[in-house]
Amino acid sequence: MGDKISIKNLNFYYGKNQALYDISMKIPEREVMAFVGPSGCGKSTFLRVFNRMNDTIPYARVEGEVKIDGKNIYKTKTDVVALRRKVGMVFQKSNPFPKSIFENVAYGIRINKMHSGKKDLADRVEKALRDAALWDEVSDRLNTSAFGLSGGQQQRLCIARALAVQPEVILMDEPASALDPIATQKIEELVVELKKKYTIVIVTHNMQQAARISDKTAFFMLGKLIEVNPTEKMFTNPDDELTEDYITGRFG
Amino acid sequence: METRIIDRKLDVLRDKLLLLGGTTEKAVYLAMRSLVERDSDLARKVIEDDKIINAMELEIDQMSVEILALQQPAAHDLRFVISVAKITPILERIADHAANIAEASLIINNEPEVMPNVELPRMAEIAGEMLQRALDAFTSEDAKVSKEVIKRDKAIDKAYNKVFDKLTKLMIDNPSVTNGAAHLLFVAKHLERIGDYVKDICEMNVYLIEAAFIKHKSKV
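Same order as they appear, the protein sequences are chains A and B.
The first sequence lines up with residues 2 to 253 when you count with our numbering.
The second sequence lines up with residues 3 to 222 when you count with our numbering.
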């Protein structure tokens, strides 16, 4: 499998504060890449680099190169809306719109004018809900409020919403940290299922979660990429002593 | 660096393994002494004490599972628990061989003496020394020594072949000693197996230290 995202000498600043230092790495297509590291290590900042979510933060500045499918997304001509369609995002706290379940998923399809009619819209919503493993639980109440769903269901609704606009990359920032073990397991199973079609980058504080679902793991500390390796290598025999200390709970 | 909860558990686990190792070492030594000194009481004690070793094995098994389930070790911690969990039944099997030697000793001690004719004590000495060094190398996490011990197994194999030839010849030349000689042959086989098991322990040492599986690879 080729590389979906390729990062070269990336530096990131919040005003005068440098948050990421000279990061170079590649993220393979249709794999799960986990970012781990202590709070404030820059992993979420790095994740947000891939769909230019940091653009909305005043004084944020990026140096270096981030290529998705070989194209540098920080070129001035980049269509950021199209980029965010291609690179979807799911956040720590589920954030459904104050609308019905159906409308939550339909929203992105409508504003991007991706559907050819009412029937097509309904089909696309159903497909996204099925892909997010939520359809069977909500098919009989699509027009009820999204807020009536459980936390885990809301999070899968947000995943469905992201999938509805046919992204290629899905960024997940601690998608299961507020969920109970059963809902967490559902999200994890979903991630493993979704990698057949999508490239997934997930930030997690849960080491075991990273171990369970990711193909590769990258460890960050103080804005630096310390190590990136296949997950089984990372958790049985990491190359770097800092990684070993972190994953075995010696600090962090 | 502060002590993690898992550190205390791993320390206890290491102590338990070393205690099992020491007890096993002693069992092999005493079983051989019961044979050399024709001391059947001592042989019976070795057989009886094997129960203690079995209990130790169960205790370590339980603790290893508990650490895996509750502490979810990673990296070196994980390799440590896996190594202990895999070395434990090997030690228990070595102790079984010691008990088997003691059982053979009970029979041999009632037969005409054949023992002085063969180099069994030398084999036992090599096996004992290998076991001791393997356990030391586990404690000090010394891959180099572990690999040396693995090579040492050849000396036991060589001694075994020699003992085998001598004993079979003895049986042909003097059929009256056949029963005793046959049981001595079993003893030699037990010692040869112990050498193989020590090799397995050393392979786990290398896994612990280098995260490399060297089992079933001809070169170390």
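For glycine and all other residues, C-beta sits at the position ideal for the given N, C-alpha and C.
* Where residue 214(A) falls, given that 16 or more other Cβ within 10 Å makes a residue buried -> Buried: at least 16 other Cβ atoms inside 10 Å.
* For residue 75(B), the three-state DSSP class (helix, strand or coil) -> The answer is coil: DSSP assigns residue 75(B) none of H, G, I, E or B.
* Cβ neighbour criterion (16 or more within 10 Å) applied to residue 218(B) -> So residue 218(B) counts as exposed.
* Closer than 8 angstroms, CB to CB, is residue 80(B) near chain A or not? -> Judged by the 8 angstroms Cβ criterion, residue 80(B) is in contact with chain A.
* Asked: Taking C-beta to C-beta, are residue 202(A) and residue 84(A) nearer than 8 angstroms?
  -> Taking 8 angstroms as the Cβ cut-off, residue 202(A) and residue 84(A) do not qualify as a contacting pair.
* Does residue 38(A) get closer than 8 angstroms to chain B when you measure Cβ to Cβ? -> It does not; no Cβ of chain B falls within 8 angstroms.
* Asked: Would DSSP call residue 101(A) helix, strand or coil?
  -> Residue 101(A): strand per DSSP, three-state reduction.
* To do: Closer than 7 angstroms, Cβ to Cβ, to anything on chain A: give me those residues from the segment 194-222 of chain B, in chain order.
  => Here the close residues are 213.
* Asked: Looking only at its own chain, which residues have a Cβ that is under 8 angstroms from the Cβ of residue 81(B), when we skip the five neighbours before and after it?
  -> Taken in chain order, the residues that qualify are 209, 210, 213.
* Could you list the residues in the segment 238-250 of chain A with a C-beta less than 9 angstroms from some C-beta on chain B, going in chain order? => Here the close residues are 238, 239, 244, 245, 246, 248, 249, 250.
* Quick one: any contact between the segment 103-114 of chain B and the segment 30-49 of chain B, if contact means 3 or more CB pairs under 8 angstroms? -> When C-beta atoms of the segment 103-114 of chain B are compared with those of the segment 30-49 of chain B, three or more pairs fall below 8 angstroms, so the two segments count as touching.
* Does residue 16(B) have its Cβ less than 8 angstroms from a Cβ in chain A? -> Chain A contact via Cβ: absent.
* Quick one: what does DSSP say residue 35(A) is sitting in, helix, strand or coil? -> When DSSP states are grouped into helix, strand and coil, residue 35(A) belongs to the strand group.
* Asked: Are the beta-carbon atoms belonging to residue 91(A) and residue 171(A) less than 8 angstroms from one another?
  -> Yes, they are a contact pair.
* Examine chain B for any beta-carbon lying closer than 8 angstroms to the beta-carbon of residue 208(A), and answer yes or no. => Yes, its Cβ sits closer than 8 angstroms to a Cβ of chain B.
* To do: Indicate the three-state DSSP secondary structure (helix, strand or coil) for residue 213(B) in the structure shown.
  => Coil.
* To do: Give the residues from the segment 121-135 of chain B that approach chain A closer than 9 angstroms (Cβ to any Cβ), ordered along the chain.
  => Taking 9 angstroms as the Cβ-Cβ cut-off, the segment 121-135 of chain B has no residue approaching chain A.
* **Contacting residues, own chain, Cβ-Cβ under 8 angstroms from residue 22(B) (five flanking each side not counted)** => Taken in chain order, the residues that qualify are 55, 58, 59, 62, 90, 93, 94.
* Given a cut-off of 8 angstroms, decide if residue 113(A) and residue 86(A) are closer than it, judged by their beta-carbon atoms. => Annotated as proximal: residue 86(A) and residue 113(A), with beta-carbon spacing under 8 angstroms.
* Give the secondary structure of residue 151(A) by DSSP, where H, G and I count as helix, E and B as strand, and everything else as coil. => In the structure shown, the three-state DSSP call for residue 151(A) is coil.
* To do: Compare the C-beta of residue 6(B) with all C-beta atoms of chain A and state if any pair is closer than 8 angstroms.
  => It does; some Cβ of chain A falls within 8 angstroms.
* Find the residues of chain B that neighbour residue 236(A), judging by a C-beta separation of less than 9 angstroms, and give them in chain order. => When 9 angstroms is used as the limit between beta carbons, residue 236(A) is near these residues of chain B: 76, 77, 80, in chain order.
* Please go through the same chain and pick out, in chain order, the residues whose beta-carbon is closer than 7 angstroms to the beta-carbon of residue 196(A), but skip the five residues on each side of it. => For residue 196(A), where only same-chain residues beyond five positions count, the Cβ hits under 7 angstroms are 31, 32, 33.
* To do: Check residue 13(A) in the structure and name its three-state DSSP category.
  => Here DSSP, grouped into helix, strand and coil, assigns residue 13(A) to strand.
* Which residue comes first and which comes last in the beta strand (DSSP E) that contains residue 93(A)? -> For residue 93(A), no beta strand (DSSP E) segment is defined, and its DSSP state is neither H nor E.
* With 16 other Cβ atoms within 10 Å as the buried cut-off, status of residue 140(A) -> Exposed, because fewer than 16 other Cβ atoms sit within 10 Å of the Cβ of residue 140(A).
* Can you give the Cα-Cα distance for residue 120(B) and residue 168(B), rounded to whole angstroms? -> Roughly 7 angstroms separates the two Cα atoms.
* To do: Can you grab the Cα-Cα spacing for the pair residue 149(B) / residue 24(A), in whole Å?
  => Roughly 40 angstroms separates the two Cα atoms.
* Asked: Among the residues of its own chain, which have a CB less than 7 angstroms from the CB of residue 145(A), if the five just before and after it don't count?
  -> The answer, listed in chain order, is 101, 102.
* **Helix, strand or coil at residue 7(A) [DSSP, three-state]** => In the three-state reduction of the DSSP assignment, residue 7(A) falls in the strand class, which pools E and B.
* Could you give the DSSP three-state label for residue 166(A): helix, strand or coil? => For residue 166(A), the three-state secondary structure derived from DSSP is coil.
* Give the single residue among 199(A), 166(A), 205(A), 198(A) whose Cα lies nearest to the Cα of residue 185(A). => For the set 199(A), 166(A), 205(A), 198(A), the Cα lying nearest the Cα of residue 185(A) is the one of 205(A).
* Asked: Is the beta carbon of residue 128(B) less than 8 angstroms from the beta carbon of residue 157(B)?
  -> Between residue 128(B) and residue 157(B), the CB-CB gap stays under 8 angstroms.
* Quick one: is residue 183(A) buried, meaning 16 or more other Cβ sit within 10 Å of its Cβ, or exposed? -> By the C-beta density criterion, residue 183(A) is exposed, having fewer than 16 other C-beta atoms within 10 angstroms.
* Assign residue 65(A) to one of three DSSP states: helix, strand, or coil. => Taken through DSSP and simplified to helix, strand or coil, residue 65(A) comes out as strand.
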